[in-house]
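Participant: Under the UniProt record's numbering, think of the first position of the sequence shown as 1, with each following residue one higher. We put the CB at the ideal spot given by N, CA and C, even for glycine. Since this is a predicted model, take the numbers as computed values, not measurements.
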Amino acid sequence: MRHLLQSKGNAVYAVAPETPVLEALRHMAEAGVGALLVMRGETLVGVISERDYARKVILKGRASAQTPVNEIMSSPPVTVTPEYDVLECMRLCTDSRIRHLPVVENGRVVGVVSIGDLVKAVIDEQAEQIDTLQRYITG
Numbered sequence: 001m002r003h004l005l006q007s008k009g010n011a012v013y014a015v016a017p018e019t020p021v022l023e024a025l026r027h028m029a030e031a032g033v034g035a036l037l038v039m040r041g042e043t044l045v046g047v048i049s050e051r052d053y054a055r056k057v058i059l060k061g062r063a064s065a066q067t068p069v070n071e072i073m074s075s076p077p078v079t080v081t082p083e084y085d086v087l088e089c090m091r092l093c094t095d096s097r098i099r100h101l102p103v104v105e106n107g108r109v110v111g112v113v114s115i116g117d118l119v120k121a122v123i124d125e126q127a128e129q130i131d132t133l134q135r136y137i138t139g
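(1) Out of Ser64, Met90, Arg108, point me to the one whose CA is closest to glutamate 50's CA.
(2) For lysine 8, collect the residues of the same chain with a Cβ closer than 7 Å to its Cβ; drop the 5 residues on either side in sequence, then sort them by chain order.
(3) If glycine 32 sits next to proline 77, beta carbons under 8 Å apart, how far is it from one beta carbon to the other, in whole angstroms?
(4) Roughly how far, in whole angstroms, is the beta-carbon of glycine 107 from the beta-carbon of asparagine 10, given that I think they are within contact range, below 8 Å?
(5) Just list the residues that DSSP pairs methionine 39 with in beta bridges.
(6) Let me check understanding here. Comparing Cα to Cα, which of Ile58, Tyr53, Asp85, Glu105 lies closest to valine 122?
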């Protein structure tokens, strides 16, 4: 994860637990992300995603302007450390049925990876291996 965060960047987009869902959605749209971390100060308390919004606000007939993020966020958040490898993270996403993984080191959030980031990392690694094998075969 450490290498992946270095290459993709470690920007973290977050909101406070009492933030209205509508404001969080605007923040997601502006940042071009599908999820936000929910932070109380420096402490990670949850993750809110577009999926949370669809399933816990829209389908339940709630008002996004009056519903605070902490009522619909996924908590406790599933996290990884920078020592995890890409395949471990993919397995965790699949098993946990999530698409975003906060990366935490010494109790501090150092980045977020998405399932898309993980798939891209696998594809890039495979392309590099194929290139190496082709050069070896052709001499």
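Facilitator: The answer reads as follows:
(1) Here residue 50 refers to the residue found at position 50 when the sequence shown is read from its first residue. Glutamate 50 has its Cα closest to that of Ser64, out of Ser64, Met90, Arg108.
(2) Here residue 8 refers to the residue found at position 8 when the sequence shown is read from its first residue. Result list for lysine 8: Asp117, in chain order.
(3) Locating residue 32 in the sequence shown gives position 32, where the first residue counts as 1. Locating residue 77 in the sequence shown gives position 77, where the first residue counts as 1. With a Cβ gap of about 21 Å, glycine 32 and proline 77 do not count as contacting.
(4) Within the sequence shown, numbered from 1, the residue matching residue 107 stands at position 107. Within the sequence shown, numbered from 1, the residue matching residue 10 stands at position 10. The beta-carbon separation of glycine 107 and asparagine 10, rounded to 16 Å, does not stay under the 8 Å limit for a contact.
(5) One-based indexing of the sequence shown puts residue 39 at position 39. Leu44.
(6) By 1-based counting over the sequence shown, the position of residue 122 is 122. Ranking the options by Cα distance to valine 122, first place goes to Asp85.
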